[in-house]
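In what follows, a single structure is set out as structure tokens and then discussed.
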Amino acid sequence: MSDPLSAFHLAVSFSAFTDIDFWTSVGILAGTYAIFATGLQMNVGFTGIFNFGQVGFMAIGAYSMAILTAEHGVNFWLSLPISILIAIGFGLIIGLPSLRLRADYFAIATIAAAEAIRLVALNARDLTNGPQGIFGFDNSWNSVSDSIEEFIVDLGWTDVPSLFPLFLVTWVVAIVLIVGFSRIQRTPWGRVLRAIREDEDAARALGKNAFSYKLQSLAFAATTGALAGFVLALNLKFVVPDEFQPLVTFIGYVVLLLGGLANYWGVVVGSVILWTVLEGMRFVELPLSETKIAALRFMILGVVLIGLMAFRPQGAFGKREEMVLGD
Amino acid sequence: MTEPATAAAPAPAADTGARAIFEADGIVKRFGGIQAVDGATMSVGEASITALIGPNGAGKTTFFNLITGFYRPDGGRAVFAGREVQGRPPYMIARLGMVRTFQITKALSAMPVIDNMMLAAPNQPGERLRNVIFRPAASIRREREVREQALELLEVFNLAKLADQYAGTLSGGQRKLLELARALMTRPRFLLLDEPMAGINPTLGRRLLDHMQRLRAEDGVTFLFIEHDMEVVMNHADRVIVMAEGKVIADGEPHEVRADERVIDAYLGGAKVTPPGADGEGASE
Amino acid sequence: MEAGTLGAGQERSLGERLANLVNSVNDAPFGVKAAAGVLLLDLVLLLADRFPDSALEWVALVAIVAISIFALTALERRPALLAVVVLLNILAMLLMLHDLQSVSQRGINGLSLGAIYALGAVGLTLVYGILKLVNFAHGEFLTFGAYMAYLVNVTWGVPLIFGILFAIATTALLGVALEKLMWAPMRGRGAGMLQLVLMTIGLSFLLRYGIQFVWGTELRQLDVNVTDTVNFLDLRIGRTQLIVVVVGFVTLVATGLMLRMTLLGKRMRALSDDLELAEASGIDTSRVILWTWIFAAGLAGLAGVFAGAVTQLQPELGFELLLPIFAAVILGGIGNPFGALAAGVLLGIVIEWSTFFVTPGLKLAVGFVILIIVLIIRPEGILGRARTV
Numbered sequence: 281m282s283d284p285l286s287a288f289h290l291a292v293s294f295s296a297f298t299d300i301d302f303w304t305s306v307g308i309l310a311g312t313y314a315i316f317a318t319g320l321q322m323n324v325g326f327t328g329i330f331n332f333g334q335v336g337f338m339a340i341g342a343y344s345m346a347i348l349t350a351e352h353g354v355n356f357w358l359s360l361p362i363s364i365l366i367a368i369g370f371g372l373i374i375g376l377p378s379l380r381l382r383a384d385y386f387a388i389a390t391i392a393a394a395e396a397i398r399l400v401a402l403n404a405r406d407l408t409n410g411p412q413g414i415f416g417f418d419n420s421w422n423s424v425s426d427s428i429e430e431f432i433v434d435l436g437w438t439d440v441p442s443l444f445p446l447f448l449v450t451w452v453v454a455i456v457l458i459v460g461f462s463r464i465q466r467t468p469w470g471r472v473l474r475a476i477r478e479d480e481d482a483a484r485a486l487g488k489n490a491f492s493y494k495l496q497s498l499a500f501a502a503t504t505g506a507l508a509g510f511v512l513a514l515n516l517k518f519v520v521p522d523e524f525q526p527l528v529t530f531i532g533y534v535v536l537l538l539g540g541l542a543n544y545w546g547v548v549v550g551s552v553i554l555w556t557v558l559e560g561m562r563f564v565e566l567p568l569s570e571t572k573i574a575a576l577r578f579m580i581l582g583v584v585l586i587g588l589m590a591f592r593p594q595g596a597f598g599k600r601e602e603m604v605l606g607d
Numbered sequence: 269m270t271e272p273a274t275a276a277a278p279a280p281a282a283d284t285g286a287r288a289i290f291e292a293d294g295i296v297k298r299f300g301g302i303q304a305v306d307g308a309t310m311s312v313g314e315a316s317i318t319a320l321i322g323p324n325g326a327g328k329t330t331f332f333n334l335i336t337g338f339y340r341p342d343g344g345r346a347v348f349a350g351r352e353v354q355g356r357p358p359y360m361i362a363r364l365g366m367v368r369t370f371q372i373t374k375a376l377s378a379m380p381v382i383d384n385m386m387l388a389a390p391n392q393p394g395e396r397l398r399n400v401i402f403r404p405a406a407s408i409r410r411e412r413e414v415r416e417q418a419l420e421l422l423e424v425f426n427l428a429k430l431a432d433q434y435a436g437t438l439s440g441g442q443r444k445l446l447e448l449a450r451a452l453m454t455r456p457r458f459l460l461l462d463e464p465m466a467g468i469n470p471t472l473g474r475r476l477l478d479h480m481q482r483l484r485a486e487d488g489v490t491f492l493f494i495e496h497d498m499e500v501v502m503n504h505a506d507r508v509i510v511m512a513e514g515k516v517i518a519d520g521e522p523h524e525v526r527a528d529e530r531v532i533d534a535y536l537g538g539a540k541v542t543p544p545g546a547d548g549e550g551a552s553e
Numbered sequence: 059m060e061a062g063t064l065g066a067g068q069e070r071s072l073g074e075r076l077a078n079l080v081n082s083v084n085d086a087p088f089g090v091k092a093a094a095g096v097l098l099l100d101l102v103l104l105l106a107d108r109f110p111d112s113a114l115e116w117v118a119l120v121a122i123v124a125i126s127i128f129a130l131t132a133l134e135r136r137p138a139l140l141a142v143v144v145l146l147n148i149l150a151m152l153l154m155l156h157d158l159q160s161v162s163q164r165g166i167n168g169l170s171l172g173a174i175y176a177l178g179a180v181g182l183t184l185v186y187g188i189l190k191l192v193n194f195a196h197g198e199f200l201t202f203g204a205y206m207a208y209l210v211n212v213t214w215g216v217p218l219i220f221g222i223l224f225a226i227a228t229t230a231l232l233g234v235a236l237e238k239l240m241w242a243p244m245r246g247r248g249a250g251m252l253q254l255v256l257m258t259i260g261l262s263f264l265l266r267y268g269i270q271f272v273w274g275t276e277l278r279q280l281d282v283n284v285t286d287t288v289n290f291l292d293l294r295i296g297r298t299q300l301i302v303v304v305v306g307f308v309t310l311v312a313t314g315l316m317l318r319m320t321l322l323g324k325r326m327r328a329l330s331d332d333l334e335l336a337e338a339s340g341i342d343t344s345r346v347i348l349w350t351w352i353f354a355a356g357l358a359g360l361a362g363v364f365a366g367a368v369t370q371l372q373p374e375l376g377f378e379l380l381l382p383i384f385a386a387v388i389l390g391g392i393g394n395p396f397g398a399l400a401a402g403v404l405l406g407i408v409i410e411w412s413t414f415f416v417t418p419g420l421k422l423a424v425g426f427v428i429l430i431i432v433l434i435i436r437p438e439g440i441l442g443r444a445r446t447v
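Protein chains in written order, with the numbering used here: chain Y, 281 to 607; chain D, 269 to 553; chain C, 59 to 447.
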């Protein structure tokens, strides 16, 4: 069951472009980032708050789950909602002082908060086991994964990739989240968020407590961050501080902008395109070392971000009249 | 902490005959070393249409910002319908029924006109998350009512056929009307309008004034509006308050104010009688 | 019409109550907030370290706290002096709890770290203030400078001093090239601030991983003597570290003088204060902007070489320094180069002193916590002027 294939450090040799194991793990990665960026979409695309600390919520979610399950013997399924609540708690702690700041200060404050979380994870060895990270929190998940696998085998597909159940669950979570967020966005509650994005003062003058709504929006982002953290942890089978670099948040922004702002389905489009292209590059035979290819991938990411912001500030598939970053 | 009203402060509004719905007493605001509002004292009678005039830099918009919670006053009291409002956050003041518009329109550009209107409606249970999840029907019911009211109001302001357009596509004058209509959606008791006539054509302006008269007559809504067009002020306000250099220098019926020496001095001292829409003060938001 | 009294009383959710609480904290007089903050700080220091164990120490503690609070409330309107009081308060607390030697030893380490922060921060704050550009790629300027020095110093085997000069020149050139290629055209199009922020993040990727593409991820060392130490009054100071501190501070003072005395420096500050006003008063702004980039990137290049010299080179070198540098910028008040210089040095010292209480791995987290606290109690920075934030 324990396949060492990890999405972030793929060290498997791919004989064919059609390798199903490989694309399953790419699919999990794309789904993780779709979940991750759904909350960013609510923040950036619908509330106009620039949360640069999303990876911090992912770290809190993953670590809380792992610590509760592996160190304190809490039931895995119970640890999930508790971890989400802890992530939301952190969202409130970070948001309460910083959400009333100017947008640029808020961006810097959130990235600093996320980095502080990572550094604590790296150094508080008693709690997090430091750079070695935490293992052994996924037994309950593994048995569920096995039953899903058996079920699929019973349906007649015999060589199911071992990560396929996680792939399914990830995308079910992503789709449920996106449908749910899209629906909630169409309610009067969601309308207030959009009003705040457009003009906070106008919303306040009409009797809306803008601060409270921004805090709620951040709490939603914390929730999706934590969920993405669970998927990441189950995928890697361990939780280490190094997975929670600020880079992850920035990739989330690339996903968001590729898919377009102010549309929840955009994060699916963005995530699938980004990861298909980035991972598909592995099949391009380049006379370069591993490190150079890895560097090249991120350089491309940088160019994409620069190009999008220079020429399409609403995102590649965004509607210009609904949400534009440039003004 | 309250600074005493200065000698220039006029007598309170007893002479209007009506009960005062709003009273400000010695409101002070300093920006750095500058006294932007310097002990402004006034009272506004219930169901009156009161104009607030004064030369550029008199502190009119700053005064609006202070009494609606957008700035925190450094001193003074503001009482609306028996409640102190100074220092309360804007949304709370708005929920009390004291609603303002802005000099530079704040149409929510990337939202349709109808959403701009429906946003403003009070008592929408669906604006709270737990109702959205647990009582969706109540929210939907209220949405239906609100949409009807919104369309009616849009009809009044000739905006009904633009209901589904993004507000950003509207002309400047239309945005001004939308902002006013949106403020009315909150069912206010006291409406503070910052240069409502600036930038809209005379026909629509007349319509707007008629509508103000009707709301006052039918629903008892009180209006306080900043205006530079003296013709509008003299013909449509039943009371005029004049500010200069952060203080209220005159207060009375239009014909009294027009004859007041201090008012003439203030305008001449302020170099010119300003044209509408050119007020540069307090635009720092 | 009862419409007016809508939900004023009944609608007070938890979020609203929390918001009101934060409001009332925000509205407290600044001196009171600062005094409360110092009390809290001293308490944290005691909890993290130890409580006084003799009567003398208790007397000293009470004296320190009393004098600090008195000074803070007296200096309410002088935030710069207030910062000095806080620093002296920490110093006094540390001296009470530890010996002079170890406090000054870490203080010296702090000075070299602080010099690097200050050199990075002064350019970042000018670019931030003048161009309203929150440059997340500024850290990569440091990395770039360090690798340029490596190229000259190690690859070509030329003495480091030429490496430093080469690093300053090439990084300045990079700054100018980016201004011409990216920032000037984007300004012309009236790009929004967050649009530009995301572009700088993209640029940061491109530069950092470009460097990784060329030089790989392995740790590299400049050709400097890292083991030699100088003994001075019982303190052991690394020779390289000493050079960094001396050259760093000479550069900082020169920078300060240049900003204060020269016409160019005055113009930079004028632009940072109010770009449009400066433009209207006939200053050739595009020329000043170009010089600002030369200046900002050049100093960042120097800071990068220093950072590389006291530690090691790797592609994340500058990015890891970026957040503390941002902290110095905000502490010093955005757009205020003198503030950035002072705050950079202060931050370096405080961060090194924090290792009395936390593991060295967490010292940066202490910097971030300081940043967040400053953002809460004084977003305009220690030396910044109050503006709407």
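Backbone N, C-alpha and C fix where the C-beta goes; we use that ideal spot for every residue, glycine too.
Taking Val-427 of chain C as the query, report the chain Y residues whose CB atoms sit under 7 Å from its CB, ordered along the chain.
Ala-396
Output the distance between the C-alpha atoms of Gly-322 of chain D and Thr-330 of chain D, rounded to the nearest integer angstrom.
12 Å
Determine, using beta-carbon pairs with one atom in the region 511 to 530 of chain D and one in the region 300 to 310 of chain D, whether at least three such pairs fall under 8 Å.
yes
Given that a residue counts as buried once 16 or more other Cβ atoms are within 10 Å of its Cβ, and exposed if not, what is Ser-569 of chain Y?
exposed
According to DSSP, is Arg-482 of chain D part of a helix, a strand, or is it coil?
Arg-482 of chain D falls in the helix class under three-state DSSP.
Considering Arg-294 of chain C, what are the terminal residues of the beta strand (DSSP E) in which it resides?
Run containing Arg-294 of chain C: 293 to 296, per the beta strand (DSSP E) assignment.
Compare the C-beta of Ser-160 of chain C with all C-beta atoms of chain Y and state if any pair is closer than 9 Å.
Interface residue (Cβ-Cβ distance to chain Y less than 9 Å): Ser-160 of chain C is not classified as such.
Counting only beta-carbon atoms, is Gln-253 of chain C nearer than 9 Å to chain Y?
yes
So that I know if they touch, is there some Cβ in chain C lying closer than 9 Å to that of Ala-501 of chain Y?
Chain C, which has no Cβ nearer than 9 Å to the Cβ of Ala-501 of chain Y, makes this no.
Below 8 Å on C-beta distance, what does Ile-391 of chain Y contact in chain C?
Leu-381
Find the residues of chain Y that neighbour Glu-352 of chain D, judging by a C-beta separation of less than 7 Å, and give them in chain order.
Within 7 Å Cβ-Cβ: nothing; Glu-352 of chain D doesn't reach chain Y, min ~18 Å.
Kindly confirm or deny that the region 312 to 319 of chain Y and the region 534 to 552 of chain Y touch, where touching means at least three C-beta pairs closer than 8 Å.
yes
For Asp-281 of chain C and Ala-207 of chain C, what's the separation of their Cα atoms in angstroms?
10 Å
Taking a cut of 7 Å between CB atoms, which residues from the region 389 to 418 of chain C lie near chain Y?
Answer in chain order: Thr-417.
Is it buried or exposed, Glu-529 of chain D, if we count other Cβ atoms within 10 angstroms and call 16 or more buried?
exposed
At what residues does the beta strand (DSSP E) containing Ala-590 of chain D begin and finish?
The structure shown does not extend to residue 590 of chain D, since chain D spans only 269 to 553, so no value can be given for it.
For Phe-330 of chain Y, decide whether its Cβ has a neighbour in chain C, counting only Cβ atoms nearer than 9 Å.
yes
In three-state terms, what does DSSP make of Lys-190 of chain C?
coil
Can you give me the C-alpha to C-alpha distance between Gly-532 of chain Y and Leu-397 of chain D, rounded to a whole angstrom?
26 Å
Kindly indicate if chain Y contains any beta-carbon less than 9 Å away from that of Pro-464 of chain D.
no
Could you check if Leu-399 of chain Y belongs to the surroundings of the ligand ATP, using beta carbon to heavy atom distance under 8 Å?
Absent from the structure shown: the ligand ATP. Ligands present: none.
Starting from Arg-298 of chain D, follow its DSSP beta bridges and name the residues at the other end.
D:Gln-303
May I have the straight-line CA-CA distance separating Phe-585 of chain Y from Gly-327 of chain D, to the nearest angstrom?
Correcting the residue identity first, residue 585 of chain Y is Leu in this sequence and not Phe. Taking the straight line joining both Cα atoms gives about 45 Å.
Going along the chain, which residues of the region 274 to 291 of chain C sit with their C-beta nearer than 7 Å to a C-beta in chain Y?
Gly-274 and Thr-275
Using the DSSP secondary-structure output, state which residues sit across from Glu-352 of chain D in a beta bridge.
Residue pairing by DSSP places Glu-352 of chain D opposite D:Val-347 in a beta bridge.
If the cut is a Cβ gap below 8 Å, which residues of chain D does Val-472 of chain Y touch?
Neighbours of Val-472 of chain Y on chain D, chain order: Leu-387 and Glu-395.
Does DSSP put Glu-549 of chain D in a helix, a strand or coil?
Note on Glu-549 of chain D: pLDDT 42, under 50, position unreliable in the model; the coordinate value appears next. Coil, per DSSP.
Quick check: the Cα distance between Lys-91 of chain C and His-352 of chain Y, rounded to an integer number of angstroms?
Cα to Cα, Lys-91 of chain C sits roughly 40 Å from His-352 of chain Y.
Taking only runs of the alpha helix (DSSP H) that begin and end inside the region 427 to 482 of chain Y, which ones reach a length of at least 4 residues, in chain order?
Taken in chain order, the unbroken stretches of alpha helix (DSSP H) that lie wholly in the region 427 to 482 of chain Y and span 4 residues or more are 444 to 465 and 468 to 478.
Look at the alpha carbon of Leu-536 of chain Y and the alpha carbon of Trp-303 of chain Y, and state the distance between them as a whole number of angstroms.
22 Å
From what residue to what residue does the beta strand (DSSP E) around Lys-599 of chain Y run?
Premise fails: Lys-599 of chain Y is in no beta strand (DSSP E) and is neither H nor E.
What does DSSP give as the partner residue(s) for Glu-291 of chain D in the beta ladder?
D:Ser-311 and D:Val-347
Closest to Gly-14 of chain C by C-alpha separation, out of Y:Ala-383, Y:Leu-566, Y:Met-322 and Y:Ala-596, would be which residue?
The question about residue 14 of chain C has no answer here: the residues shown for chain C are numbered 59 through 447.
Can you give me, in chain order, the residues of the region 457 to 468 of chain Y that have a beta carbon less than 8 Å from any beta carbon in chain D?
Listed in chain order, the positions of the region 457 to 468 of chain Y with a beta carbon within less than 8 Å of a beta carbon of chain D are Ile-464, Thr-467 and Pro-468.
Taking Thr-258 of chain C as the reference, which of C:Trp-351, C:Asn-193, C:Leu-182 and C:Thr-417 has the closest Cα?
C:Asn-193
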